[in-house]
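Below: one structure, written as structure tokens.
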Amino acid sequence: MSLPATFQNKVIAITGASRGIGLAVAKYLLARGAAVSMCATSSENLAKALEEIHREFPDAKDRVMTCVVDISKLETVKSWIEQTVAKFGPLDGCCNNAAKEQRKIYPVTELDADYFHDIINVNVCGLFHCLKEEMKAIKDGGSIVNLGSVASNYASAGTAAYITAKHAVLGLTKTAAFEGAPRGIRVNAMCPGTVNTTMMTQSFETAQGDFYLTPDKVPALMQRLAEPEEVAAFIAFLLGDDSRFITKATYYMDGGWLEGNYTS
Ligand SMILES: NC(=O)c1ccc[n+]([C@@H]2O[C@H](COP(=O)([O-])OP(=O)(O)OC[C@H]3O[C@@H](n4cnc5c(N)ncnc54)[C@H](OP(=O)(O)O)[C@@H]3O)[C@@H](O)[C@H]2O)c1
């Protein structure tokens with residue numbers, strides 16, 4: 001079955017596109033005709049993702065580029081956006097998806113300060129760097145989607161760094177929406193619950209020992225992890241023209257999240 005080319009001639013930049021949700025977004029958009037610029041910190045991970053894309057989308061070779069970027073470093077973000085515009089032209093959309101999970105689940109009193117700073121640096125300062133460069137390079141009428149989380153609104157003991165960072169995603173999203181509005185640029189936040197990616201399937205370190213989030217422990221009405229493709233479809237809706245009246249909004253795709261503490 002051929003899919004409608006709803007992203008034909010659109011240029012979309014995606015951070016954290018080497019695996020998980022970011023890679024699923026890249027594939028979803030490539031299948032619908034977009035040109036996609038993907039970044040992540042590891043060249044090996046990006047090479048693997050690109051190999052997968054070349055295998056699954058042999059006709060999309062000229063519509064995809066990858067770049068090693070650490071979003072916590074402004075200069076690398078700036079250079080990536082410049083390279084993207086030089087290759088494909090101005091941006092139509094951006095998916096700010098890259099983030100670091102908090103794997104060490106400890107109360108504030110026991111959480112290492114450097115560890116806290118590192119997560120804030122990637123998840124908050126990194127998003128700021130991306131918005132700073134993207135909003136200069138995006139066309140009037142473009143769309144930006146920032147990845148929040150259920151942790152953008154709900155809290156859980158032991159996860160101060162990630163919770164703080166994901167709350168901040170909403171602040172940056174709303175501010176950018178105000179600043180983009182005069183040019184018709186929309187900025188929204190998409191907040192997943194638990195998704196079947198390495199971020200969720202690796203162990204979390206707690207004082208009581210390692211903790212795994214298995215489907216039976218998902219605190220949501222739907223007791224399973226979402227698949228990255230399900231999240232990608234929602235992100236694509238927000239990136240595309242069908243959502244043209246939506247901005248400064250926050251959407252949750254969390255299987256009906258129950259407000260509890262998932263570490264106990
Ligand atoms: N999975 C979930 O259950 C879940 C739930 C709620 C929200 N989210 C949010 O959804 C987004 C994607 O999550 P995911 O589960 O797909 O994560 P993931 O599987 O861990 O993938 C994260 C991606 O970000 C890249 N990355 C990490 N640090 C980076 C940095 N400093 N600069 C550039 N790229 C970086 C990683 O590649 P490298 O390692 O090669 O850099 C990878 O491509 C995140 O914002 C996350 O917080 C996920």
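So that you can map any letter, position 105 of the sequence shown is 105 in the UniProt record's numbering, and since no number is skipped, the others follow by simple counting. Glycine included, each C-beta is placed from N, C-alpha and C at the ideal position.
Proximity test, residue i beta-carbon vs ligand 1 heavy atom, cut-off 7 Å
i      : result
Cys130 : no
Ser79  : no
Val25  : no
Val187 : no
Val122 : yes
Ala13  : no
Ile119 : no
Asp70  : yes
Lys100 : yes
Sub-8 Å separation of residue i and residue j beta-carbons
i      : j      : result
Leu131 : Thr250 : no
Ala34  : Ile53  : no
Gly129 : Ile71  : The question names Gly, yet the displayed sequence has His at residue 129. Yes, these two residues count as a Cβ contact at 8 Å.
Pro215 : Ile21  : no
Ser37  : Met65  : yes
Gly93  : Lys10  : yes
Asn123 : Thr15  : no
Leu238 : Val150 : no
Met200 : Leu172 : no
Which of helix, strand or coil DSSP assigns to residue i
i      : result
Glu56  : helix
Arg186 : strand
Asn123 : helix
Arg220 : In the sequence as displayed, the identity of residue 220 is Ala instead of Arg. Three-state result, Ala220: strand.
Pro192 : strand
Phe245 : coil
Ser264 : With a pLDDT of only 49 at Ser264, under the threshold of 50, the placement of this residue in the model should not be trusted; the figure read from the coordinates follows. Residue state, collapsed to three classes: coil.
Whole-angstrom C-beta distance between residue j and residue i, which should lie under 8 Å
i      : j      : result
Leu23  : Ala49  : 5 Å
Ala26  : Ala40  : Their Cβ separation, rounded to whole angstroms, is 11 Å, which puts Ala26 and Ala40 out of contact at 8 Å.
Ala99  : Ser152 : Going by Cβ atoms, the distance from Ala99 to Ser152 rounds to 11 Å, so no, they are not a contact pair.
Ala160 : Phe116 : 7 Å
Val254 : Ala232 : Before going on, a small fix: residue 254 reads as Asp here, not Val. With a Cβ gap of about 16 Å, Asp254 and Ala232 do not count as contacting.
Leu46  : Val68  : 7 Å
Query raised in the report: How about the stretch 103-111 and the stretch 204-211: do they share at least three Cβ pairs that are nearer than 8 Å?
Result: yes
Query raised in the report: Given 8 Å as the limit, is there contact between the stretch 54-66 and the stretch 173-182, that is, 3 or more CB pairs closer than that?
Result: no
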